Structure formats: C-alpha cells, structure tokens
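To start, the structure under review is shown below, and the notes come after it.
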Amino acid sequence: MTQIPPTPGEPSGTPVPPTPADPGNPFGVPPAEPTSAQLYGAPPTAHDIATEFGAPPAPPTPPAAPAEPFGAAVPPGMPYGAPSGPGAPGVPPATGYPASPEYPGQQGYPGQQGYPGEQGSGPGYPGGPGQPGSPGQPRGKKSFPVWAWLAISAAAILIVIGGIVAIFFAVRSTLNAADTGPQPTATASYDDNTADPDETTEDGLGADTSDLNATLTPPGTSLAMGEKATLPFSSGLTDGVAALEVAMTRVERAPADQAKLVTADEPQLLGMDIYYITVELKNVEGDDVGYGYGNFNPVDAQGNGVTQVYTYNDDVACGESSLPRTFEQGDAATLCFVAASAPGGNAPTGITFDDFDTYDSYADEGVTWQKK
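This is how it looks when you write it as structure tokens:
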C-alpha cells in the first residue's frame with residue numbers, strides 16, 4: 001500500500017485506497033508514447049493490429065537468469081564445456097515464466113529481403129545479387145586493350161595484302177608461261193658464199209670481202225695523221241660489209257670547259273688531262289653499215305693503249321663513236337673519241353683501228369695513225 005504525506009488538516013497515517021487495476025494492463029505498465037511513425041501516418045504494425053482485434057498485449061520480457069559464477073559445479077554426467085542453464089541438457093527447465101501468448105489473427109512476419117548486393121542469406125532472407133568484388137561472386141571479363149585490337153587488325157590486313165600479291169604473281173607467271181610456250185631451237189646454216197670465221201682470205205682479213213672491189217689496207221700499216229686507209233667495216237644491225245675510207249684528222253687537248261663536262265660525268269677522271277681524237281669516214285663501196293662500231297682505240301707514241309672515255313653528255317662536243325643509223329655507199333661521217341691521261345704521263349698521240357670481225361691483234365696487226 002502506498003503511503004503519501006498527509007495534507008493539512010488530515011491526520012497522518014491515513015491509508016490511501018489503491019487505484020483500481022486496468023483489466024487490459026494487469027501489471028500497471030504506463031501506456032507507451034505514440035511513435036513518430038504512428039504520428040505521421042505510418043502503416044500499423046502487427047502489435048497495433050493485434051490490439052485492435054482485442055488480443056491481450058504481450059507480457060513483459062522476464063528477467064534474464066543469473067549467470068553462473070566462474071567455477072560453478074557441473075552437474076554429474078555433463079561434459080566439460082557443455083552449455084548450462086535452464087533448458088540445457090541435464091538442467092531442469094526454468095519455471096515461473098508464462099509462455100508467450102499467440103495473438104489471434106496475427107500475421108507472420110514476411111521473410112526479410114536480402115539487401116541488394118548481399119552475398120547469401122539465412123532462412124527467410126533470400127539473397128540478392130552479389131556486390132561487385134564480393135567473395136564468391138563471378139567478376140566481369142577484363143576488357144581487351146585497344147593496342148592489341150590494332151595490332152591484330154594490322155596483322156590481318158598484312159596477311160590479306162600478302163595473299164593478294166602472291167595470287168597476282170602466281171596468275172602472272174601462269175599467263176607468261178602460257179604465252180611463251182616452247183620456243184623453236186635455232187639451227188645455224190651456212191652456204192658456199194659464207195666464209196669460215198677461222199679462215200682468212202687473200203687479203204689476210206677474216207671477214208668475207210670477196211664481193212668488194214676496193215683495195216684494202218693490210219693489217220700492221222702505220223699512217224700519219226690525215227693519211228687515208230681503206231678498211232673493211234661491218235654492222236651487226238644490218239649484217240652488211242663495206243669498204244670505208246678512214247683518216248685520223250685531229251688529236252688535241254679538250255678545252256677547259258669541255259674537260260669539266262667530261263669529269264662531271266666521270267668523277268674518277270678529276271685531275272687527268274682530257275683529249276679529243278677525231279676520225280673521218282666515208283662509205284666507198286659495199287652495204288649499209290649503219291650503227292657500225294669500229295674498234296678504234298687511242299694510243300701513245302709507243303703504240304700503247306691510253307684510257308678511252310665513253311660519255312653520254314650531249315653538251316660534250318666529242319663523244320660520238322659509232323656510225324649513224326643509216327650509212328650507205330657515198331655517206332660520210334665524223335667520229336670523235338675521248339681519251340684521258342695523267343699529267344706528265346703517256347698522252348695520246350694517235351689511234352688504232354682493229355675491227356673485231358677482220359683483224360686478229362689489238363695493236364701489232366691493226367692500222368695505226370700517229371701524230372707526227
């Protein structure tokens with residue numbers, strides 16, 4: 001019974017009658033303050049629904065059983081480390097605690113949904129998709145580097161181009177083989193009018209000069225500049241043979257500007273003396289010997305050969321060493337030969353003619369002109 005202090009005029013110790021108990025609150029628990037969710041219109045909870053249908057509220061949670069002191073005795077037959085306390089094996093269940101009442105119409109709590117990205121869950125908690133990088137979750141494929149794609153593409157392009165080139169050359173070789181076909185074998189034939197190259201005629205020349213009426217200058221003849229010789233001349237272009245009247249008309253050093261043109265084309269001649277040797281020719285008898293190329297070679301005073309230079313510079317005043325394309329009987333031409341010698345060395349003083357189709361030797365048996 002609760003004692004309260006007396007009020008003025010009231011005798012002390014007067015008992016206060018107890019407050020009648022609330023049937024719905026037998027323990028006298030003061031009503032809970034409404035939650036913020038209830039105040040702001042949150043949906044009712046299971047407890048609110050149970051209260052609405054007249055179910056008694058859940059009893060208060062009984063106090064926890066006192067913890068066993070360290071070193072308490074273990075009941076006989078219980079293994080060391082086994083759980084103890086009410087409900088444990090070998091321990092009588094706790095008494096004096098009312099069972100939790102079942103509320104009529106109470107709905108079970110639905111299984112809690114797993115948090116997105118949570119890997120696995122317990123009963124009632126279906127697991128959601130795992131977070132990236134969480135244990136047990138398959139990771140995404142690593143992206144292929146751009147440079148690798150470029151390298152693969154370049155290699156593929158090169159392979160395609162190489163295949164196209166190989167096919168092109170294979171087709172071209174096949175077409176060339178088809179166009180060429182077997183070639184006929186050439187057979188040499190001779191008649192009675194063709195001279196044996198190893199035999200010589202009465203004039204001592206290897207070429208067939210039997211049809212020429214002109215008197216030819218014999219091999220080994222030495223002439224002065226300006227003197228004429230009648231020499232056989234042949235042409236590989238026309239297969240003709242003719243008698244030409246030949247004379248050396250000039251041997252002189254090239255002008256300085258002309259020498260520079262020659263050495264510009266032939267740098268190895270820098271520092272050497274350049275000479276021009278002029279020869280005049282006329283077809284006096286025989287066939288067309290166009291493009292004929294007589295074997296003219298510059299020589300020094302002792303008849304030794306001197307370096308001959310071949311140039312194709314059109315600005316060089318000397319250098320035409322073959323006959324024109326057409327050189328028939330009566331035609332005349334001037335040939336010019338370029339020679340080079342070291343300063344103070346064997347300067348050219350003449351020229352030797354040694355036709356490879358007629359004369360056998362280079363200097364001893366040729367026809368030579370010397371500047372007197």
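Heads up: the sequence shown runs through residues 1 to 372, numbered per full-length UniProt numbering. Don't be surprised by glycine CBs; every beta carbon is placed ideally from N, CA and C. As the structure is a prediction and not an experimental result, all values here were calculated from the model.
Strand pairing of residue i, partner residues [DSSP]
i: Arg250; result: Thr278
i: residue 437; result: Absent from the model: residue 437. The displayed extent of the chain is 1 to 372, so no value can be given.
i: Thr334; result: Glu280
i: Ser341; result: Asp273
i: Thr307; result: Ala340
i: Ala243; result: Pro232 and Glu285
Burial state of residue i, where buried means 16 or more other Cβ atoms lie within 10 Å
i: Lys372; result: exposed
i: Lys261; result: Reading off the sequence, residue 261 comes out as Leu, not Lys. Leu261 comes out buried.
i: Tyr275; result: buried
i: Val306; result: buried
i: Leu270; result: exposed
i: residue 386; result: The requested residue 386 does not occur in the structure, where the chain is confined to residues 1 to 372.
i: Asp239; result: exposed
i: Asn297; result: buried
i: Thr326; result: exposed
i: Ile161; result: exposed
i: Asn304; result: exposed
i: Ala347; result: buried
i: Thr352; result: buried
i: Gly345; result: exposed
Sequence-distant residues of its chain with Cβ nearer than 6 Å to residue i (five each side left out)
i: Gly292; result: Phe233, Ser235 and Leu323
i: Ser321; result: Leu335 and Phe337
i: Asp265; result: Thr311 and Asn313
i: Ser341; result: Asp273, Val306 and Ala347
i: Val289; result: Phe233, Ser235, Gly240, Ala242 and Phe327
i: Ala332; result: Lys282
Delimiting residues of the beta strand (DSSP E) encompassing residue i
i: Leu231; result: Ala229 to Ser234
i: Asn346; result: No beta strand (DSSP E) contains Asn346, which DSSP labels as neither H nor E.
i: Asp350; result: The residue asked about is misnamed: residue 350 is Gly in this sequence, not Asp. Counting along the chain, the beta strand (DSSP E) containing Gly350 begins and ends at Gly350 to Phe353.
i: Phe296; result: Phe296 to Val299
Continuous alpha helix (DSSP H) stretch holding residue i: start and end
i: Val262; result: Ala256 to Asp265
Other residues of its chain near residue i: CB distance less than 7 Å, five sequence neighbours each side excluded
i: Gly286; result: Leu212, Gly240, Val241, Ala242, Ala243 and Gln329
Contact set for residue i: own chain, Cβ-Cβ below 8 Å, skip 5 residues either direction
i: Gly226; result: Ala247, Met248 and Thr249
Any non-hydrogen atom of the ligand SAH closer than 7 Å to residue i Cβ
i: Arg172; result: As presented, the structure is devoid of all ligands, the ligand SAH included, so that no description of it is given.
Does the count of Cβ pairs from the region 272-291 and the region 335-342 closer than 8 Å reach three?
yes
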